[in-house]
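Residue numbers (the working numbering): 35 to 410. Note that the Cβ used here is the ideal one computed from N, Cα and C, for glycine as well.
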């Protein structure tokens, strides 16, 4: 008697479980951010009524402050929406399923991408390099279209051309974006560490996150499409909600450290961890926005996984610098106490990065990079 062949079961790796957990957590936090927004509007209304009851001028002054805060967020959003949409790569199937139409779509994408680069004010000094790349692309595309080689090989050759020519064009902008992410994360870390309450933390996180994403899009002269923009808004809203509740968590952490290490440390450790966590969250937002605005790869599950790994590696490599600077600004003259707090916060952040990186290394071993070695 023959037995029916059982269908192959999917292999559930630790990444699958982590991905599902993060997806669920994002939905919960996104819903929480909506609730926080509603509560915030109600709080604004309540405070206006309270200040207006004191004196109408006080109420108007309060509304002026609120409107100013709204403008700080709205102006970057408008700048972002006025930017042209990035040129998105076409969806290319596996090599066995590639057809000549995919080759033409890939060639058209690269031509549009290089044309977009030629209109970017940040790439004026690369005009000769862009012009040469466009000429070379035109010749290569013409040869590949009439070639008798399999379509998959021709698309691979065209993609290799893009990987060879486009990154040198973007290298200066990439470096500017990396510096911008570091500076903004440091500013947010210090501001939220010194902030006296969670509501102000949430506003600072919202304002600087929107500003960072807008500046990245301006440097690359392009914003993601609707889904990409929605994903960035989701990440920013989650970060804002997280910043709003993190103050209470770090206050509790400071109390715990005060019992075990001493009273002076509690004055520094809690704010340092608060600011460092917000800074690291902003770094992740920045690098994911960079990947979307760069638009060199089609955004799918594989690209997102790769972008998250890159963001974690970047976070791990600069975590010590950010936390040390935050500790120095917060601690002031208490250098030794600030150093202990910075070491604790760095160990906490680096431990998370190493743990998550080990998940990916378990699936696919990767050679150690000099940055990773220097940061460990």
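Take residue i and list the residues in its own chain whose beta-carbon comes closer than 8 Å to its own, dropping the five residues that flank it on each side.
i           : result
residue 118 : 150, 255, 256 and 257
residue 337 : 325 and 331
residue 159 : 206
residue 266 : 247, 258, 319, 322, 323 and 326
residue 69  : none
Residue i: buried (16+ other C-beta within 10 angstroms of its C-beta) or exposed?
i           : result
residue 356 : buried
residue 341 : buried
residue 347 : buried
residue 89  : exposed
residue 65  : exposed
residue 305 : buried
residue 182 : exposed
residue 369 : Per-residue confidence for residue 369 stands at a pLDDT of 43, beneath the threshold of 50, marking its modelled position as unreliable; no derived number is given.
residue 240 : buried
residue 126 : buried
residue 224 : buried
residue 312 : buried
residue 102 : exposed
residue 314 : buried
residue 329 : buried
residue 171 : buried
residue 358 : buried
residue 238 : buried
residue 261 : exposed
residue 141 : buried
residue 236 : buried
Cβ atoms of residue j and residue i: under 8 Å apart, would you say?
i           : j           : result
residue 115 : residue 96  : no
residue 111 : residue 327 : no
residue 76  : residue 132 : no
residue 316 : residue 218 : yes
residue 211 : residue 253 : yes
residue 247 : residue 345 : no
residue 242 : residue 221 : yes
residue 33  : residue 189 : Because the chain here runs from 35 to 410, residue 33 falls outside it and cannot be looked at.
residue 309 : residue 122 : no
residue 343 : residue 270 : no
residue 104 : residue 244 : no
residue 161 : residue 152 : yes
Got a sec? Which residues, its chain only, sit under 7 Å from residue i by beta carbon, not counting five neighbours each side?
i           : result
residue 213 : none
residue 263 : 257
residue 99  : none
residue 367 : At residue 367, the pLDDT of 39 sits below 50, so the modelled position is not reliable; the number obtained from the coordinates is stated separately. Closer than 7 Å at Cβ, skipping near neighbours: no residue.
residue 178 : 137, 188, 191 and 192
residue 333 : 262 and 326
residue 169 : none
Short of 6 Å in beta carbon distance, which residues of its chain neighbour residue i, apart from the five on each side in sequence? Order them along the chain.
i           : result
residue 196 : 144
residue 139 : 124
residue 250 : 211, 323, 324 and 327
residue 85  : 92, 93 and 96
residue 71  : none
residue 113 : 248
residue 296 : Reliability fails at residue 296, whose pLDDT of 47 lies under 50, so the model's placement of it is uncertain and the value that follows must be treated cautiously. Contacts found: none.
residue 146 : 121
residue 199 : 167
Please name the residue in the options whose C-alpha comes closest to that of residue i.
i           : options               : result
residue 93  : 105, 78, 103 and 106  : 78
residue 321 : 209, 221, 227 and 361 : 209
residue 353 : 232, 226, 216 and 229 : 216
residue 129 : 193, 233 and 148      : 193
residue 148 : 167, 136, 137 and 135 : 167
residue 203 : 154, 231 and 360      : 154
residue 362 : 307, 343 and 334      : 307
residue 234 : 58, 74, 266 and 68    : 74
residue 184 : 134, 232, 87 and 339  : 134
residue 201 : 232, 164, 170 and 230 : 164
residue 360 : 261, 229, 339 and 169 : 229
(message) As an exercise, report each continuous beta strand (DSSP E) stretch of at least 3 residues that is fully enclosed by the stretch 327-365, in chain order.
(response) none
(request) Quick one: which unbroken alpha helix (DSSP H) runs of 4-plus residues sit fully inside the stretch 140-225? Chain order, please. (result) 161-180
(request) Ignoring anything shorter than 4 residues or poking outside the stretch 229-265, list the alpha helix (DSSP H) runs there in chain order. (result) 232-254
(request) Could you pull out every unbroken beta strand (DSSP E) segment of at least 3 residues lying fully inside the stretch 103-137, listed in chain order? (result) Along the stretch 103-137, the beta strand (DSSP E) does not occur as any fully enclosed run of 3 or more residues.
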